[in-house]
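Here the structure is laid out as structure tokens; the discussion comes afterwards.
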Ligand SMILES: Cc1cc2nc3c(=O)[nH]c(=O)nc-3n(C[C@H](O)[C@H](O)[C@H](O)COP(=O)(O)OP(=O)(O)OC[C@H]3O[C@@H](n4cnc5c(N)ncnc54)[C@H](O)[C@@H]3O)c2cc1C
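Residue numbers (our numbering): 2 to 360.
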């Protein structure tokens, strides 16, 4: 019998397991051949503490020390660029990112690919870092393995709540028993709830796509910041000598192994193209992942009100990595019935009870 059975081997399940591993025996299950096969292997891998709802930014800020301690952050910086007609969006982005306005010429000196004739306004900010997501997740998996088990290729197919009060889970040929179930199944978290006889919280998985392209004009992008269109309809980031460009899409889809839509990618690359001096010629790769959101956009972390041994760790949206340490700490505190370290307002904002009308 395990103390905690975690369903889902993405960053949410891994941080949950790492934070619970010192408190009991943990078993983490994932249905795919490898950990982090879905959203957690498809992200932009960036930490921008100013990004997201109030509760998300609080979780992100509270995660910074742990991310630094894990040695997974490296400086990137950010830049916002706007064109004629985007003045209101630019002003909002300037405030939202806490950026400082610079002239288009200064922006183009920093990122020579930018077209100073097309870009009418620009701003920069320091507080954006690349996250070494593999290293972060490997560190979490290692912490789980010290006292527990990490099992892939084990898709959960049935969940029973026994009269003795523990959970019995059927996954492939295995039957696993545990005192507490942690639902960290990403886009599938509502499906796992249904299997367990718990009402879904109404998560919406939304596709976000990415194209990896050769840098137009052959520039070396190594020291460039991450660049955002102010209308939230594209962003670009240096990636090992190439650029990743996202159309910032957010199309709702059922849970699935998502892939990029050619037209959505082409439209996003078109918006990027309008702001640069050289032609986008070669796409090296593309992919998409599902970012799953609760109806109010906040994470869902804590026990199900009527079923307290069923604990949610879901709704990570576009922030699963940058919130991971603090979200894992909050999850462990809620699962153990301890006082969370984070502010009570954040605990309430993430509490599944808020989605049940019983806060
Ligand atoms: C393009 C893109 C860019 C992003 N950029 C950033 C970024 O820069 N910074 C950031 O912080 N976040 C970013 N994100 C968001 C981040 O990737 C997600 O928030 C995070 O990966 C979600 O993690 P998860 O563990 O909840 O989900 P997942 O990684 O999807 O993990 C869920 C796991 O549950 C497993 N599972 C489901 N059902 C079952 C079952 N029945 N049995 C067993 N296992 C099951 C799945 O196999 C899967 O591995 C981005 C996402 C995308 C798609």
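Ideal Cβ positions, reconstructed from N, Cα and C, are used throughout, including at glycine.
Keep in mind that this is a model prediction, so the values were computed, not measured.
Is residue 228 helix, strand or coil when you go by DSSP?
Counting from 1 along the chain shown, the entry for residue 228 is found at position 227. Here residue 228 sits in strand by DSSP.
How many angstroms separate the CA atom of residue 204 from the CA atom of residue 353?
Locating residue 204 in the chain shown gives position 203, counting from the first residue. Locating residue 353 in the chain shown gives position 352, counting from the first residue. Their Cα atoms are separated by approximately 12 Å.
How many Å lie between residue 139 and residue 36 at the Cα?
The residue labelled residue 139 in the question sits at position 138 within the chain shown. The residue labelled residue 36 in the question sits at position 35 within the chain shown. Going from the Cα of residue 139 to the Cα of residue 36 covers about 10 Å.
Going by DSSP, which residues form a beta bridge with residue 130?
If you number the chain shown from 1, residue 130 lands on position 129. Per DSSP, 48, 76.
Return the residue from the list 324, 305, 278, 136 that minimises the CA-CA distance to residue 118.
Locating residue 118 in the chain shown gives position 117, where the first residue counts as 1. Cα-wise, what sits closest to residue 118 is 278.
Give me the Cα-Cα distance between residue 57 and residue 292, rounded to the nearest whole angstrom.
Your numbering for residue 57 matches position 56 in the chain shown. Your numbering for residue 292 matches position 291 in the chain shown. So the two alpha carbons sit approximately 14 Å from each other.
Along the chain, where does the alpha helix (DSSP H) containing residue 152 start, and where does it finish?
On the chain shown, position 151 is the one that residue 152 refers to. Element bounds for residue 152: not the alpha helix (DSSP H) but the beta strand (DSSP E), 150-152.
Considering only DSSP beta bridges, list what residue 168 is partnered with.
Stepping through the chain shown from its first residue, residue 168 is reached at position 167. The bridge partners DSSP lists for residue 168 are 162, 179.
Mind checking whether residue 14 and residue 185 have CB atoms under 9 Å apart?
Walking along the chain shown from the start, residue 14 turns up at place 13. Walking along the chain shown from the start, residue 185 turns up at place 184. Yes, these two residues count as a Cβ contact at 9 Å.
Expressed to the nearest angstrom, what Euclidean distance is found between the alpha-carbon atoms of residue 262 and residue 269?
Counting from one through the chain shown, the residue named residue 262 turns up at place 261. Counting from one through the chain shown, the residue named residue 269 turns up at place 268. Going by the C-alpha atoms only, they are around 11 Å apart.
Look up residue 303 in the DSSP assignment and say whether it is helix, strand or coil.
The sequence position of residue 303 within the chain shown is 302, counting from 1. Reduced to three states, the DSSP call for residue 303 is strand.
By DSSP, does residue 212 sit in helix, in strand, or in coil?
As a working note, residue 212 is residue 211 in the chain shown. The answer is strand: DSSP assigns residue 212 an E or B state.
Is it buried or exposed, residue 238, if we count other Cβ atoms within 10 angstroms and call 16 or more buried?
Position 237 of the chain shown, counted from the first residue, corresponds to residue 238. Buried, because 16 or more other Cβ atoms sit within 10 Å of the Cβ of residue 238.
Considering only C-alpha positions, which residue in the set 265, 26, 82 is nearest to residue 210?
For this step, residue 210 is matched to residue 209 along the chain shown. The shortest C-alpha separation from residue 210 is found at 265.
In this structure, what does DSSP give as the bridge partners for residue 27?
Translated into the one-based positions of the chain shown, residue 27 becomes position 26. Answer by DSSP bridge pairing, in chain order: 5.
Any heavy atom of ligand 1 closer than 8 Å to the Cβ of residue 192?
Stepping through the chain shown from its first residue, residue 192 is reached at position 191. Yes, ligand 1 has a heavy atom inside 8 Å of this Cβ.
Could you tell me which residues DSSP puts in a beta bridge with residue 83?
Numbered from its first residue, the chain shown carries residue 83 at position 82. Its beta-bridge partners are 122.
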